[in-house]
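Peer 1:
Chains as they are written, first to last, in my numbering: chain A, 9 to 417; chain B, 972 to 1218.
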């Protein structure tokens, strides 16, 4: 038989049958549509999350290593394993400066977390105060919008100057320029010399609730409780070599025996990405599985309705077979019907899913990113579901004995 | 010879019993003949009709239709034979209820793979041939029983088959409409079509030039329609008397 005629006729029959049972078609389309919409909305939100995380990660600066006594990221109760580690010292930092070939940037970093910073009439709470040197601007990838960053001279002279993160600046000086004003931390006055550009959030934490003070000024006030060293190279490709080299230098100066593990931890932004992926990967898996299950439920709906359709039209199948329809033609007819329903559900579901993702993006802080491929995959997957769940009913229709089928009431 | 049946057997298994629906039927039908197959229910005439129509395959025996041995054909080949060689006319018309008369008549041409334009023309011609040229766009439920059967006849004619197979074509019609249909068959016979009519009515068998009587899956007589119809009536009377005499 002529394949073109077969296809045209099959489509005509399929559409005619769908039109004849509008309510049934509508409900089945809805079932598939809900599945596709759910899946698509989930994927869109996941893609949005990933995209925003990637952006945030890029803003963190990816070509530096952070060396600390304790690991920055640890899973499970491992803190006790590290409690006997020795502090890092300025001498260690000096060793890296002198011995490293790859390091083009070595900066100390001291942190006091969750401090109150106050102006004359306002207070900003939960501020991460960092004591460091001028090069830290490059490590953290901060841009100065007003004034200047802290300098090594500020540190050498133990000046009490401060650079404010954008969120701190807005909280303390909502209506005037912060530069030249005085803020207090633990009742000690600092003169504001600069304000940083907004960086946004990383995993829900503001990167703008920070303040930077000169390293030695910080030391004189808080001592060196938790000294960290940031090391960077010009070429991000050298980061592995840099890490090996710095590890060697530190093991030597800290007298770590060859058979013992490192007594310090090196953190890279990539590790954050790995951690992010391992934390969220499982969650995404579950979310996508939920979407797929919804779609499969829709597929079972299609199968059910197709079985009903085959039963209802047993006589019609008998007539068609008597008039010369081959089994393949009958299979095609019912497969076309099943995939027409599911493709329709796919298209509607895609539209609804995209609207849902946009709505979620508007109502929450989540962003939704939709790649064209996702849309194509959604519609394609729906049609595939229709095909797969239509095969069995279609095969049953084709296997009917024409004599029996013609006798069917 | 258009049809050559040689020792055709068709056995069914019903539970643990084997039913001999056709038990060695040998029969030849020439081109242009109008034959009826008559028998009581259970005589095997429906099974014979299904075998002749290539809807059913015999358990044993040889069936040659239009010089083609169809006894060993595959399902697809049989579908093509049905499409090309056979025009079915059923007792219950077997029209697609959602389609117009025109579309119903076109259906076998769809399975032949013809383009829409040629299908339309041929279906129109076939409907005119049965006197329904003005009902082409009516659906079956908008037509009378006689008109529906005419649509079915048009559908059987449209492929220009070598054999028209009618299964109790007047069974669902009142006697005057039935008479019209029989007259239409007479015209078709005169026009040279080969007709095979399955019936249990001796009065209809009597109208055919030739009749074949079946009983218990075997041919018991084969001759001029009027004569076989008489035998059939006698057989019926005997059966009725036997039934009445039974305690």
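All residues carry an ideal CB built from backbone N, CA and C; glycine is no exception.
Everything numeric in this text was worked out from a predicted model, so none of it was measured.
Output needed in chain order: residues of the stretch 318–332 of chain A with a Cβ under 8 Å from some Cβ in chain B.
Peer 2: Per Cβ criterion, the list reads 323, 324, 326, 327, 328, 329, 330, 331 and 332.
Peer 1: Compute the beta-carbon to beta-carbon distance between residue 302 of chain A and residue 48 of chain A, rounded to the nearest angstrom, for a pair I have assumed lies under 8 Å.
Peer 2: As a working note, residue 302 of chain A is residue 294 in the first chain. As a working note, residue 48 of chain A is residue 40 in the first chain. That pair is no contact at about 11 Å.
Peer 1: By the DSSP assignment, the beta strand (DSSP E) with residue 124 of chain A in it spans what residues?
Peer 2: Within the first chain, residue 124 of chain A is the residue found at index 116, counting from 1. Looking at the DSSP string, the run of the beta strand (DSSP E) that includes residue 124 of chain A is 113–126.
Peer 1: Ordered along the chain, which non-local residues of its own chain (more than five positions away) have a Cβ less than 8 Å from that of residue 989 of chain B?
Peer 2: Counting from 1 along the second chain, the entry for residue 989 of chain B is found at position 18. Counting only Cβ-Cβ distances below 8 Å, and skipping sequence neighbours, we find 982 and 983.
Peer 1: Are any of the Cβ atoms in chain A nearer than 9 Å to that of residue 1069 of chain B?
Peer 2: Position 98 of the second chain, counted from the start, is the residue given in the question as residue 1069 of chain B. Yes, contact with chain A.
Peer 1: Report the three-state DSSP secondary structure of residue 1026 of chain B (helix, strand or coil).
Peer 2: For the purposes of this step, residue 1026 of chain B is identified with residue 55 of the second chain, where counting begins at 1. It is coil, neither helix nor strand.
Peer 1: Identify whether residue 138 of chain A lies in helix, strand or coil by the three-state DSSP scheme.
Peer 2: Counting from 1 along the first chain, the entry for residue 138 of chain A is found at position 130. In this structure, residue 138 of chain A counts as strand in the three-state DSSP scheme.
Peer 1: Can residue 1086 of chain B and residue 305 of chain A be called in contact, C-beta distance under 9 Å?
Peer 2: Residue numbering aside, residue 1086 of chain B sits at position 115 when the second chain is read from its first letter. Residue numbering aside, residue 305 of chain A sits at position 297 when the first chain is read from its first letter. No, they are not a contact pair.
Peer 1: Does any residue of chain A have a CB that is nearer than 9 Å to the CB of residue 1106 of chain B?
Peer 2: Residue numbering aside, residue 1106 of chain B sits at position 135 when the second chain is read from its first letter. Residue 1106 of chain B does not count as touching chain A.
Peer 1: Report buried or exposed for residue 409 of chain A, applying the criterion of at least 16 other Cβ atoms within 10 angstroms of its Cβ.
Peer 2: Numbered from its first residue, the first chain carries residue 409 of chain A at position 401. Looking at its Cβ environment, which holds fewer than 16 other Cβ atoms inside 10 Å, residue 409 of chain A is exposed.
Peer 1: For a test of the three-state rule: what should DSSP assign to residue 79 of chain A, helix, strand or coil?
Peer 2: Here the question's residue 79 of chain A lines up with position 71 in the first chain. DSSP places residue 79 of chain A in coil when its eight states are reduced to three.
Peer 1: Output yes if chain A places a C-beta closer than 9 Å to the C-beta of residue 982 of chain B; else output no.
Peer 2: The residue you call residue 982 of chain B lines up with position 11 of the second chain. Not an interface residue.
Peer 1: Can you list the residues of chain A that residue 1084 of chain B reaches, using a CB-CB cut of under 9 Å?
Peer 2: Against the second chain, residue 1084 of chain B aligns to sequence position 113. By Cβ distance, chain A contributes 9, 10, 11, 12, 13 and 14.
Peer 1: So with Cβ pairs under 9 Å, would you call residue 414 of chain A a contact of chain B?
Peer 2: What you label residue 414 of chain A is simply residue 406 of the first chain in a count that begins at 1. Yes, residue 414 of chain A lies at the interface with chain B (some Cβ there is under 9 Å from its Cβ).
Peer 1: With distances taken between CB atoms, is the gap from residue 1188 of chain B to residue 1022 of chain B smaller than 9 Å?
Peer 2: Taking the first residue of the second chain as position 1, residue 1188 of chain B is located at position 217. Taking the first residue of the second chain as position 1, residue 1022 of chain B is located at position 51. Their beta carbons are not under 9 Å apart, which means residue 1188 of chain B does not touch residue 1022 of chain B by this criterion.
Peer 1: Mind checking which residues open and close the beta strand (DSSP E) that includes residue 166 of chain A?
Peer 2: If you number the first chain from 1, residue 166 of chain A lands on position 158. Counting along the chain, residue 166 of chain A falls outside any beta strand (DSSP E), and DSSP gives it neither H nor E.
Peer 1: Listed in chain order, which residues of the stretch 22–55 of chain A have Cβ atoms closer than 7 Å to some Cβ of chain B?
Peer 2: Of all residues in the stretch 22–55 of chain A, 24 and 28 have a Cβ within less than 7 Å of some Cβ in chain B.
Peer 1: Run through DSSP, which three-state label would residue 264 of chain A get?
Peer 2: By 1-based counting over the first chain, the position of residue 264 of chain A is 256. Coil at residue 264 of chain A, not helix or strand.
Peer 1: Residue 411 of chain A versus chain B: which residues are under 8 Å apart at the beta carbon?
Peer 2: One-based indexing of the first chain puts residue 411 of chain A at position 403. What residue 411 of chain A touches in chain B: 1021, 1026 and 1027.
Peer 1: Could you tell me whether any non-hydrogen atom of the ligand MN is closer than 8 Å to the CB of residue 205 of chain A?
Peer 2: Absent from the structure shown: the ligand MN. Ligands present: none.
Peer 1: Taking C-beta pairs closer than 8 Å, name the residues in chain D that residue 1046 of chain B reaches, listed in chain order.
Peer 2: Checking the listed chains, one finds no chain D in this structure; the protein chains it contains are A and B.
Peer 1: Span of the alpha helix (DSSP H) holding residue 1160 of chain B?
Peer 2: Along the second chain, read from residue 1 onward, the residue named residue 1160 of chain B stands at position 189. Taken as a continuous stretch (DSSP letters only), the alpha helix (DSSP H) holding residue 1160 of chain B covers 1146–1161.
Peer 1: Using beta carbons (cut-off 9 Å, strictly below), is residue 1051 of chain B in contact with chain A?
Peer 2: Taking the first residue of the second chain as position 1, residue 1051 of chain B is located at position 80. Judged by the 9 Å Cβ criterion, residue 1051 of chain B is in contact with chain A.
Peer 1: Between residue 342 of chain A and residue 318 of chain A, is the Cβ-Cβ spacing less than 9 Å?
Peer 2: Along the first chain, read from residue 1 onward, the residue named residue 342 of chain A stands at position 334. Along the first chain, read from residue 1 onward, the residue named residue 318 of chain A stands at position 310. In contact: residue 342 of chain A and residue 318 of chain A (Cβ atoms closer than 9 Å).
Peer 1: Since residue 1202 of chain B sits in a beta bridge, which residues does DSSP pair it with?
Peer 2: Against the second chain, residue 1202 of chain B aligns to sequence position 231. According to DSSP, which records beta bridges pairwise, residue 1202 of chain B is partnered with nothing at all.
Peer 1: Taking only three categories from DSSP, how would you classify residue 72 of chain A?
Peer 2: Taking the first residue of the first chain as 1, we reach residue 72 of chain A at position 64. Residue 72 of chain A: strand per DSSP, three-state reduction.
Peer 1: Check whether the stretch 347–357 of chain A touches the stretch 1071–1080 of chain B, counting contact only when three or more Cβ pairs, one atom from each stretch, lie closer than 8 Å.
Peer 2: Because the criterion of three Cβ pairs below 8 Å is not met, the stretch 347–357 of chain A and the stretch 1071–1080 of chain B do not touch.
Peer 1: Which residues does DSSP pair with residue 1009 of chain B in a beta bridge?
Peer 2: As a position in the second chain, residue 1009 of chain B is number 38, starting the count at 1. The partner list for residue 1009 of chain B (beta bridge, DSSP) reads B:1170 and B:1184.
Peer 1: Alpha carbon to alpha carbon, what distance is there between residue 392 of chain A and residue 298 of chain A?
Peer 2: Translated into positions along the first chain, residue 298 of chain A becomes position 290. Translated into positions along the first chain, residue 392 of chain A becomes position 384. About 18 Å.
Peer 1: Return the Cβ separation of residue 1126 of chain B and residue 1049 of chain B in integer angstroms, given the expectation that the two are a contact with Cβ distance under 8 Å.
Peer 2: In the second chain, the residue the question calls residue 1126 of chain B occupies position 155. In the second chain, the residue the question calls residue 1049 of chain B occupies position 78. Not a contact, Cβ separation roughly 19 Å.
Peer 1: If you pair each beta-carbon of the stretch 192–201 of chain A with each one of the stretch 235–242 of chain A, do three or more pairs fall below 8 Å?
Peer 2: No, because fewer than three Cβ pairs between the stretch 192–201 of chain A and the stretch 235–242 of chain A fall closer than 8 Å, the two stretches do not touch.
Peer 1: Should residue 237 of chain A and residue 74 of chain A be called a contact, given that it needs their Cβ atoms to be closer than 9 Å?
Peer 2: Residue 237 of chain A sits at position 229 when you count from the first residue of the first chain. Residue 74 of chain A sits at position 66 when you count from the first residue of the first chain. Yes, the pair counts as a contact, with Cβ atoms nearer than the cut-off.
Peer 1: Nearest to residue 324 of chain A by alpha carbon, out of B:1052, B:1039 and B:1066?
Peer 2: For the purposes of this step, residue 324 of chain A is taken as residue 316 along the first chain, with counting starting at 1. Checked all of B:1052, B:1039 and B:1066; the closest Cα to residue 324 of chain A is B:1066.
Peer 1: Any beta carbon of chain B sitting closer than 9 Å to that of residue 17 of chain A?
Peer 2: Residue numbering aside, residue 17 of chain A sits at position 9 when the first chain is read from its first letter. With 9 Å as the cut-off, residue 17 of chain A counts as an interface residue toward chain B.
Peer 1: Distance, Cα to Cα, residue 300 of chain A vs residue 43 of chain A?
Peer 2: Counting from one through the first chain, the residue named residue 300 of chain A turns up at place 292. Counting from one through the first chain, the residue named residue 43 of chain A turns up at place 35. For residue 300 of chain A and residue 43 of chain A, the distance between alpha carbons rounds to 7 Å.
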